[in-house]
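Only one structure is covered here, and it is reproduced in the block below.
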Amino acid sequence: MYRSERERWEIRIDKEADIVAVRQRVREIAKEHRFDQFAVAALTTAASELSRNVWVHAQKGIALISVLRNGNKVGVELEFVDHGPGIADLNRALAGGFSTSHSLGLGLSGTKRLVDEFSIDTEPGRGTKIVIRKWKKEF
Amino acid sequence: MDILKLDDEELKRRLAFFELTDEDFRRLTALKPFAERWTNEITEGLYELIMGQPESRAFFPDQATLARVKKLQNSYFLGLFSGSYDLNYVRDRLRVGTAHERIGMPPKLYLGAYRRYLALIHARLQDHFKGNDAEASKALATIRKIIFFDMAFAIDTYIAAYLETMTRHQAAIRELSTPVIKVHDRILLLPIVGTVDTQRAHQIMETVLVQIVEQQAKVMILDIAGVPVVDTKVADHILKTTAAVQLLGAQTILTGISASVARTVVQLGVEITRMHTRSKLSEGIELALSIVGKKITSKKESERGDA
Amino acid sequence: MPSGPIPILKLGSTLLATIHIDLHDTVVDSFQNDVLEEIERTGSDGLIIDISALETVDIYVARMLANTGKMAKLMGAETVIVGMRPAVAATLVRMGYLMEGINTALSLEEGLEFHTRRSKMSDGMGDA
């Protein structure tokens, strides 16, 4: 599996409008690579949730978007990095509730259900890095 | 080229992996006179092999075809020494591969022919460089690189053809396994038959939602009589689909609930009591009709009404 | 008059708000404000929010829509959300977000029908 040099985008998140910018870029890329409408929605919604987390909790961060290839498979990888407060109780954040939860809880657990791969690296005081991947259905 | 995702970057990667450098390109261009001098003989030599084996001979049934193909082979050979190895070159090579794949020539014959090609070129090269073994070696090494480079594309075309077939088949299978039927105006029915794993469940939800919007259906009947095992996972999938249907503004009726499924579901504590459910499909259809403001009456009744 | 970019039309005693753009959070806030102020100003008892143009609805937006419905209800207006796209519905459900307490309809037409039926019913109750 490898990441193409050409197909890499970086979007700074330091104002509220950047959430939409990330969302739109992700949508363009997913559509360009012919992901189906459900996969496009999953990716853009995940991107929206995670960008929003960066904006709301850290006010500043970065979104890295890459196109991945593994043989004939195509995938999109999104990485969100911030040096915000970090997540104190990660297990609780990932467990998430249904409908009644606060923004962070359901956002993370919900996002996890939309993608194929999800990894999170966080430490209170240090910041947070979340990487998600979604692969296009092969046929 | 699309299905194989061949673009400039991929081309660069391949040229690097096959170690094709500017020096190779210069050498190939310099060998153009050699190629022009020997192309006919080499082509003849190649087809001697092909026509000498019954399996490969079958692909060239008449003289006209053979003559045409030999001509194409000559231009293919000369192409190796063209000096320009960009996406146009690639496109051209892919076309050649596709032509062979289309007539049904198996890769083994295609690759066997390439082997013969190299042998024929090797023999002529030694003559051409008249005893200068070092130069002959370098030339052969370069030609071998470009030939293998081409072979990779040839194999890719076979793969592309199979991928395309697979894609079509998968689409057909998906359609067949989620047959949404229009029972009546604004009423759709999906009989689910067979095991429902996560992938299939996703497929079902997506098909159901798209059909509801396309047909502007008010009711979706999901019949699960044909689902052998209804455990918490399957029940969860059904619940999710129902919830999504409701978000669109339509309703779901679950039918085909056997006694054992009813037992299992309640014992598992799954909350499907909020949904419309019926044991028999016919009951589900009647309920669906009443939801859209219609009902089934017997002919005698309606005739009496007319009279 | 609405301060934000989302137009709000009056159709009889029902308001129709059509969301036609990708929603920035600030637009989301002004939208909610505008809708509630219009309900107050016109005394409408029905609200239709058309989201058929929305390709992405994340939890923030979904929550806003549901809350708008609740707020409108407090002011005596019933809300119907129409035109949700299949991919949006699937995504919300897959995330585990249940939009509780909202009415939905397939199309604007159905949304209007919903309100007509509702007024007929409440008229009926009035008589009784």
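Protein chains in written order, with this note's numbering: chain V, 1121 to 1259; chain P, 6 to 312; chain A, 276 to 403.
Idealized CB from N, CA, C, for every residue including glycine.
- Contact of VAL218/P with chain A by beta-carbon distance below 8 Å involves ARG360, PRO361 and LEU381.
- Listed as beta-bridge partners of ASP1202/V by DSSP are GLY1181/V and THR1248/V.
- Per the C-alpha coordinates, the member of PRO233/P, ALA21/P, ALA176/P and LEU294/P positioned closest to SER265/P is PRO233/P.
- For PRO196/P, the secondary structure class from DSSP, reduced to helix, strand or coil, is strand.
- The criterion of a C-beta distance shorter than 8 Å is satisfied by ARG369/A and ARG1233/V.
- At least 8 Å separates the beta-carbon of ALA144/P from that of ARG42/P.
- In this structure, THR246/P keeps its C-beta atom at 8 Å or more from the C-beta atom of ILE277/P.
- By the neighbour-count definition (other C-beta atoms within 10 Å, threshold 16), ARG173/P is an exposed residue.
- For THR212/P, no chain V residue has a Cβ inside 7 Å of its Cβ, as the nearest lies near 11 Å away.
- In terms of beta-carbon proximity, THR1248/V stays away from the interface with chain A, with every pair separated by 8 Å or more.
- Within a 10 Å sphere around the beta-carbon of GLU106/P sit 16 or more other beta-carbons, which makes this residue buried.
- In this structure, the beta-carbon distance from THR103/P to THR162/P falls below 8 Å.
- By the neighbour-count definition (other C-beta atoms within 10 Å, threshold 16), GLN256/P is a buried residue.
- By the neighbour-count criterion, in which 16 or more other beta carbons inside 10 Å mark a residue as buried, ALA139/P falls on the exposed side.
- For GLN78/P, the secondary structure class from DSSP, reduced to helix, strand or coil, is helix.
- Ranking ASP1202/V, ASP1236/V and PRO1244/V by CA distance to the CA of ALA1166/V puts ASP1236/V first.
- If you check each beta-carbon in the region 1155-1175 of chain V against every beta-carbon of chain A, the ones closer than 9 Å belong to ASP1156, GLN1157, PHE1158, ALA1159, VAL1160, ALA1161, ALA1162, THR1164, THR1165, ALA1166, ALA1167, SER1168, GLU1169, ARG1172 and TRP1175.
- For a cut-off of 8 Å, the C-beta gap from GLY386/A to VAL355/A is around 4 Å, short enough to register as a contact.
- Under the Cβ criterion (8 Å, minimum of three pairs), the region 279-298 of chain A does not count as touching the region 296-308 of chain P.
- Listed along the chain, the chain A residues whose CB falls inside 7 Å of the CB of GLU1136/V are HIS299, ASP300 and THR301.
- Chain P has a Cβ within less than 8 Å of the Cβ of GLU385/A.
- DSSP, reduced to helix, strand and coil, places TYR90/P outside both helices and strands of the structure shown, so it counts as coil.
- Here TYR335/A has ASP300 and VAL303 as same chain residues with Cβ atoms under 8 Å from its own Cβ, once five neighbours each way along the sequence are excluded.
- Sixteen is the threshold: since fewer than 16 other Cβ atoms of the shown chains lie within 10 Å of the Cβ of ARG316/A, the residue is exposed.
- For LYS187/P, there is no enclosing alpha helix (DSSP H); the enclosing beta strand (DSSP E) covers residues 186-189.
- Taken in chain order, no unbroken stretch of beta strand (DSSP E) lies wholly in the region 110-184 of chain P with a span of 3 residues or more.
- Taking each of VAL218/P, LYS238/P, ASP132/P and GLU219/P in turn and checking the Cα distance to ARG205/P, the smallest one comes out for LYS238/P.
- When DSSP states are grouped into helix, strand and coil, ILE226/P belongs to the strand group.
- With fewer than 16 other beta carbons inside 10 angstroms of its own, GLU1258/V counts as exposed.
- Rounded to the nearest angstrom, the Cβ distance from ILE229/P to ILE262/P is 7 Å, consistent with a contact under 8 Å.
- Listed along chain V, the residues sitting closer than 9 Å to MET171/P by beta-carbon distance are GLU1258 and PHE1259.
- With respect to the 8 Å criterion, THR1242/V and LEU1210/V are classified as neighbours on the basis of their beta carbons.
- Partner residues in the beta bridge of HIS281/P, as assigned by DSSP, are ILE258/P.
- Contact annotation for GLU14/P against chain V: SER1124, GLU1125, ARG1126 and GLU1127 [CB-CB distance below 9 Å, chain order].
- From the beta-carbon of LEU130/P, no residue of chain V is found nearer than 9 Å; the closest lies around 36 Å away.
- Distances from the alpha-carbon of GLU1152/V to those of PHE1200/V, THR1231/V, GLU1127/V and ILE1250/V put GLU1127/V closest.
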